[in-house]
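**Q** When we follow my numbering, the leftmost residue of the sequence shown carries the number 4, and every step to the right adds one.
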Amino acid sequence: MAAEDGSQHEASRGDTNFLPKPPHNRSKDPAAEAASARRRGGRPRVLMANEPRAYREGIAAVISQLRPEVEIETVEPDALDTSIERFSPDMVICSKATDALKGGVRVWVELYPENAAFSVASIGGRRMEYTEIQLPDLLSIVDKAEELAGTN
Numbered sequence: 004m005a006a007e008d009g010s011q012h013e014a015s016r017g018d019t020n021f022l023p024k025p026p027h028n029r030s031k032d033p034a035a036e037a038a039s040a041r042r043r044g045g046r047p048r049v050l051m052a053n054e055p056r057a058y059r060e061g062i063a064a065v066i067s068q069l070r071p072e073v074e075i076e077t078v079e080p081d082a083l084d085t086s087i088e089r090f091s092p093d094m095v096i097c098s099k100a101t102d103a104l105k106g107g108v109r110v111w112v113e114l115y116p117e118n119a120a121f122s123v124a125s126i127g128g129r130r131m132e133y134t135e136i137q138l139p140d141l142l143s144i145v146d147k148a149e150e151l152a153g154t155n
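#1: How big is the Cα-Cα spacing for G153 and D146?
#2: Do V49 and I126 have their C-beta atoms within less than 8 Å of each other?
#3: Under 6 Å Cβ to Cβ from M51, same chain only, skipping five residues before and after it: list those, please.
#4: When DSSP builds the beta bridges, which residues end up paired with I62?
#5: Given I144, which residues of its chain have a CB within under 8 Å of its CB, disregarding the five upstream and five downstream residues?
#6: Are G107 and I136 closer than 8 Å when you measure CB to CB?
#7: Using the three-state DSSP reduction, which class does S86 fall into: helix, strand or coil?
#8: How close, in whole Å, do the beta carbons of P71 and A148 come, if the pair is a contact with beta carbons under 8 Å?
#9: For L176 versus L83, is the C-beta spacing smaller than 8 Å?
#10: So, is the C-beta of D140 closer than 8 Å to a C-beta in chain B?
#11: Using alpha carbons as the reference points, say which of G45, P80, V73 lies closest to L142.
#12: Could you give the distance in angstroms between the alpha-carbon of P139 and the alpha-carbon of S91?
#13: Considering only their Cβ atoms, is the gap separating E54 from S122 smaller than 8 Å?
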């Protein structure tokens with residue numbers, strides 16, 4: 004047999020031929036891949052990184068009560084980007100949307116950015132503004148995040 008140049012090798016096992024899987028056959032979207040892997044045995048994930056802390060913890064507690072199937076993690080806002088990578092959330096609620104958030108999470112809510120009089124939500128790339136975002140709005144967005152995560 005001639006020397007191979009690094010291409011895939013055909014191997015034979017008995018009378019069945021097969022090609023080994025290439026090592027880099029991953030999805031182009033790591034966030035979608037991670038969410039899909041969790042979905043096989045997991046719950047939807049929401050990452051909370053908004054200020055002030057009392058609001059963050061209060062909103063997390065209410066979502067936990069009303070949506071017990073949702074896994075929630077709360078972090079300080081300055082830990083948002085590293086937490087997105089580690090936790091692979093389906094949704095993020097934060098005070099400041101970062102590039103890592105916008106590029107890696109399909110559903111997010113930015114609560115009163117820069118102390119503005121409105122909040123911004125992005126659901127699957129569709130941006131919406133809320134002048135007075137309320138708990139029912141957040142719960143509806145959590146539900147939409149769960150639906151989108153189930154389609155991965």
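Backbone N, C-alpha and C fix where the C-beta goes; we use that ideal spot for every residue, glycine too.
Here the structure is a predicted model, which means the values were calculated and not measured.
**A** Taking the structure as given:
#1: One C-alpha to the other measures close to 11 Å.
#2: Cβ atoms of V49 and I126: not closer than 8 Å.
#3: R59, A63, T77, I96
#4: Its beta-bridge partners do not exist; DSSP assigns none.
#5: M94, V110, V112, A124, I126
#6: no
#7: helix
#8: 15 Å between Cβ atoms; not a contact.
#9: Nothing about residue 176 can be reported from this structure: the residues present for the chain run from 4 to 155 only.
#10: This model lacks chain B altogether, as it is built from one protein chain only.
#11: V73
#12: 24 Å
#13: Going by C-beta atoms, S122 is not nearer than 8 Å to E54.
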